[in-house]
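Quick notes on the structure that follows.
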Ligand SMILES: Cc1cc2nc3c(=O)[nH]c(=O)nc-3n(C[C@H](O)[C@H](O)[C@H](O)COP(=O)(O)OP(=O)(O)OC[C@H]3O[C@@H](n4cnc5c(N)ncnc54)[C@H](O)[C@@H]3O)c2cc1C
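Numbering (this note's numbering), first residue to last: 1 to 336.
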């Protein structure tokens, strides 16, 4: 198997890197512990209610990413989301009139990942979901939770959040250095399915104080079912304090807070006949990312044939994850 490349992580960064490498004719095996592609751009469906419970939307500023988003939009995989958006404080909504263009995957945020997965497919590479890599040893060899070993690989790219990468990459590897101090904030996401629409003057709002920092009516995004579906993201401090709570405890507490927030628009209180579930993102968004100190938005060692990429290397968002994967793959191709 010498000459092959392994990528750990089928989020936006890993999928983008794979797409660029396979397009250049390289053989790439991709591993992810999840059931499908997308990582933090996942979506969840509960009957007719659909929720983007991780990334909510993305912006596009770099020419390479704008080009990709234009292509996906032409193909129907992404679309502009134009919500009534602003900030919410003390029961008052203040609409924001900025010119930010917000894009979403259609019909769910994970559509970008699905498209990248298709674009990067090749007959000579494999994709393994529900495969948690537990150890990596130089060579490169990967081992999963069932004790199956994969390898040897000539090159290895690790795209997991830094805390997980630190545990995976061999302690003696120089890849440990850029990972020092790269931390992420957690986020509890609450998904609420309602039987009836609620008449708010907004579809999404940022909240500056309290336990909830973001709320969005998911069905206001293009291509979603009509069923009234709300996503609430807890504040990082609250999420951290409640990191070991059970999902049911989080549902109970955050639902009460959500009810308080939406009280002015709920004639009979909240929640009448709702269903709610909670999801914990342990590493939701980079807290202190070394993007400023990684000059190329990724890390690559030609001596070790080992690379790191992901949102934490490049501004911490969907666009950053794309650029990080793209630029690392291009560096590898330039050197071969
Ligand atoms: C609640 C929340 C809200 C957000 N809101 C926004 C937003 O509005 N706009 C925006 O642009 N961004 C937002 N983001 C951030 C955005 O989702 C990320 O920046 C981006 O998706 C990161 O992509 P990535 O490929 O770097 O990492 P990930 O998506 O985390 O991909 C890493 C992959 O590695 C896999 N993995 C981890 N460990 C292992 C292992 N041991 N073995 C195998 N696989 C493994 C994971 O399953 C995952 O699929 C949000 C994120 C969260 C969680």
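Don't be surprised by glycine CBs; every beta carbon is placed ideally from N, CA and C.
Nothing here was measured: the structure is a model prediction, and the numbers come from that model.
For ligand 1, is there any heavy atom lying closer than 7 Å to the beta carbon of residue i?
i           : result
residue 31  : yes
residue 285 : yes
residue 150 : no
residue 161 : yes
residue 168 : yes
residue 153 : no
residue 101 : no
residue 10  : yes
residue 336 : no
residue 39  : yes
residue 132 : yes
residue 56  : yes
residue 13  : yes
residue 319 : yes
Excluding the five sequence neighbours on either side, which residues of its own chain have a C-beta within less than 8 Å of the C-beta of residue i, listed in chain order?
i           : result
residue 160 : 8, 9, 168, 310
residue 1   : Confidence in residue 1 is poor, its pLDDT being 43 and thus under 50, which makes the residue's placement unreliable; the coordinate value appears in the next sentence. So the list reads 151, 152, 153, once near-sequence residues are dropped.
Could you spell out the range, first to last residue, of the beta strand (DSSP E) harbouring residue i?
i           : result
residue 72  : Careful: residue 72 lies outside any beta strand (DSSP E), inside the alpha helix (DSSP H) at 63 to 75.
residue 133 : 133 to 137
residue 29  : 28 to 31
residue 45  : 44 to 46
Excluding the 5 residues preceding and the 5 following residue i in the sequence, name in chain order all residues of the same chain whose CB lies nearer than 6 Å to its CB.
i           : result
residue 207 : 88, 213
residue 42  : 54, 110
residue 325 : 13, 16, 17, 309
residue 30  : 7, 10, 18, 127
Could you give the residue range of the alpha helix (DSSP H) that holds residue i?
i           : result
residue 249 : 247 to 262
residue 274 : From DSSP, residue 274 is part of no alpha helix (DSSP H); its letter is neither H nor E.
residue 22  : 12 to 23
residue 220 : From DSSP, residue 220 is part of no alpha helix (DSSP H); its letter is neither H nor E.
Can you list, in chain order, the residues of its chain with a C-beta nearer than 7 Å to that of residue i? Leave out the 5 residues immediately preceding and following it.
i          : result
residue 26 : 5
residue 67 : none
In the stretch 90 to 150, which residue ranges form an unbroken alpha helix (DSSP H) of at least 4 residues, counting only runs that do not cross its ends?
Correct list: 111 to 119.
Scan the stretch 153 to 209 and note each continuous alpha helix (DSSP H) run of 4 residues or more that stays entirely inside, going in chain order.
Runs of the alpha helix (DSSP H) inside the stretch 153 to 209: 162 to 168, 176 to 179.
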